[in-house]
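As structure tokens, the structure follows; a few thoughts come after it.
There are 2 protein chains.
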Amino acid sequence: MRMMISNSSSVPIYEQIKENIIHQIMNHELLEGEILPSIRSLSKDIKISVMTIKKAYDELESEGYITSIQGKGTFVAPQNTQLVQEQVRREIENHIEKAVTLSHRFQIPVEELTQLIEIFDRGDEE
Amino acid sequence: MRMMISNSSSVPIYEQIKENIIHQIMNHELLEGEILPSIRSLSKDIKISVMTIKKAYDELESEGYITSIQGKGTFVAPQNTQLVQEQVRREIENHIEKAVTLSHRFQIPVEELTQLIEIFDRGDEE
DNA sequence: CCACTGTTATATATAGTATATAACACTATA
DNA sequence: TATAGTGTTATATACTATATATAACAGTGG
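Protein sequences, first through last, are from chains A and B. For the first sequence, position 5 (counting from the first letter as 1) is numbered 5 according to the working numbering, and the numbering increases by one without interruption. For the second sequence, position 30 (counting from the first letter as 1) is numbered 30 according to the working numbering, and the numbering increases by one without interruption.
This is the structure:
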């Protein structure tokens with residue numbers, strides 16, 4: 001499993017692990033039902049304490065991303081696509097709203113925002 | 001001075017104070033050269049330890065927002081408008097880029113983003 | 001001198017983060 | 001059934017960030 005951890009970051013290690021896994025689920029690099037590395041193996045792999053991995057997995061489970069089964073392992077939970085879509089829309093709205101608010105505050109024409117969208121829209125497709 | 005502090009927030013108090021003052025400077029509610037409340041008076045006012053206020057002011061000073069003069073007080077530093085504009089543009093670009101990336105990842109047409117801009121653009125002017 | 005500024009230092013408390021270790025419980029399999 | 005792998009729970013320890021309280025020091029201005 002791909003997992004980049006910065007030990008010096010101010011972001012807690014368990015948060016980095018969470019973000020990493022959520023990101024992989026969102027990008028379908030991890031699929032529904034797929035098994036995650038066991039707590040102990042991931043612990044050895046990235047040299048992080050078992051308890052820290054456990055904390056990350058616990059929170060991911062309580063947030064509905066994964067499911068742990070004692071004795072078997074930890075698996076990617078079925079995605080509630082509608083819920084995900086709603087969360088994503090909310091996140092997008094937040095970004096746009098903040099951008100617009102900043103434009104107003106500093107008198108930047110909103111046309112520049114639409115231009116930025118076009119630029120990133122092109123530059124982002126691979 | 002207007003200052004809302006949430007004691008239960010996960011955001012540190014000194015960070016909340018910083019954000020609050022930066023926001024007021026950005027919105028020209030605090031003007032260049034204007035004097036800020038003294039550390040002790042603000043401490044009494046919002047019932048926060050002197051040292052916490054000091055920490056907030058220290059960081060604001062090292063970030064160039066304010067200037068402290070021993071025995072006199074703490075003042076809003078002259079704004080480097082060009083630098084501010086650049087920072088704002090960078091922040092706006094970040095928001096737009098994230099919104100576009102999410103749209104791509106979840107196959108939401110970017111046209112919806114431009115629509116959102118229009119909506120917030122209208123809704124935001126008072 | 002006095003009353004207000006900011007500055008520095010010390011001690012203390014609490015919470016979050018991270019580690020190490022151990023024991024327990026469940027599953028699958030040789 | 002023994003064993004080796006899972007997750008779970010508990011305990012102790014350490015470090016850091018945050019926040020508080022208190023005190024003393026230093027500069028400004030009336």
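Note that the Cβ used here is the ideal one computed from N, Cα and C, for glycine as well.
Distance CB(residue i)-CB(residue j) smaller than 9 Å
i: T67(A); j: E61(A); result: yes
i: S101(B); j: T114(A); result: Looking at the sequence provided, one finds Thr at residue 101(B) rather than Ser. No. Outside cutoff.
i: I22(B); j: S103(A); result: no
i: R89(B); j: I108(A); result: yes
i: H28(A); j: K98(B); result: no
i: I5(B); j: V110(A); result: no
Contact set for residue i: own chain, Cβ-Cβ below 7 Å, skip 5 residues either direction
i: A56(A); result: Y14, I17 and K18
i: S49(B); result: S43
i: P37(A); result: M1 and D45
Contacts that residue i makes with chain B (C-beta to C-beta distance below 7 Å)
i: S103(A); result: I92
Other residues of its chain near residue i: CB distance less than 6 Å, five sequence neighbours each side excluded
i: P78(A); result: E32
i: L30(B); result: Q24 and V76
i: N20(A); result: M3
i: T52(A); result: I13 and Y14
Own chain partners of residue i with C-beta closer than 8 Å, once the 5 adjacent residues on each side are dropped
i: I119(B); result: none
i: K54(A); result: I39
i: H65(A); result: Before going on, a small fix: residue 65(A) reads as Tyr here, not His. Answer for Y65(A): I21, I22, I25, V76 and A77, listed in chain order.
i: E34(B); result: F75 and V76
Below-9 Å beta-carbon distance, residue i vs any chain A residue
i: D121(B); result: yes
i: D124(B); result: yes
i: A99(B); result: yes
i: T114(B); result: yes
i: K84(B); result: Correcting the residue type first, residue 84(B) is Val in the shown sequence and not Lys. Yes - at least one Cβ of chain A is within 9 Å of the one on V84(B).
Contact with chain B by residue i, beta-carbon distance below 9 Å
i: V88(A); result: yes
Contacts of residue i in chain A (Cβ-Cβ under 8 Å)
i: M51(B); result: Result: empty, since nearest Cβ-Cβ is about 21 Å, beyond 8 Å.
Proximal chain A residues relative to residue i, where beta-carbon distance stays under 7 Å
i: F75(B); result: Those do not exist, as F75(B) stays about 22 Å from chain A at its closest Cβ, beyond 7 Å.
i: V110(B); result: I117 and D121
Closer than 9 Å at the beta carbon, the chain A residues around residue i
i: M4(B); result: Near M4(B) there are no residues of chain A at all, since even the closest Cβ is about 18 Å away, more than 9 Å.
i: M1(B); result: Here the premise fails: no neighbours, minimum Cβ distance about 20 Å.
i: N27(B); result: R105
i: I96(B); result: H95, I96, A99, L113, L116, I117, I119 and F120
Check your understanding: Does the segment 66 to 84 of chain A come within contact of the segment 75 to 94 of chain B, defined as at least 3 CB pairs closer than 8 Å?
Key -> Taking 8 Å as the limit for Cβ pairs, the verdict is that the segment 75 to 94 of chain B does not touch the segment 66 to 84 of chain A.
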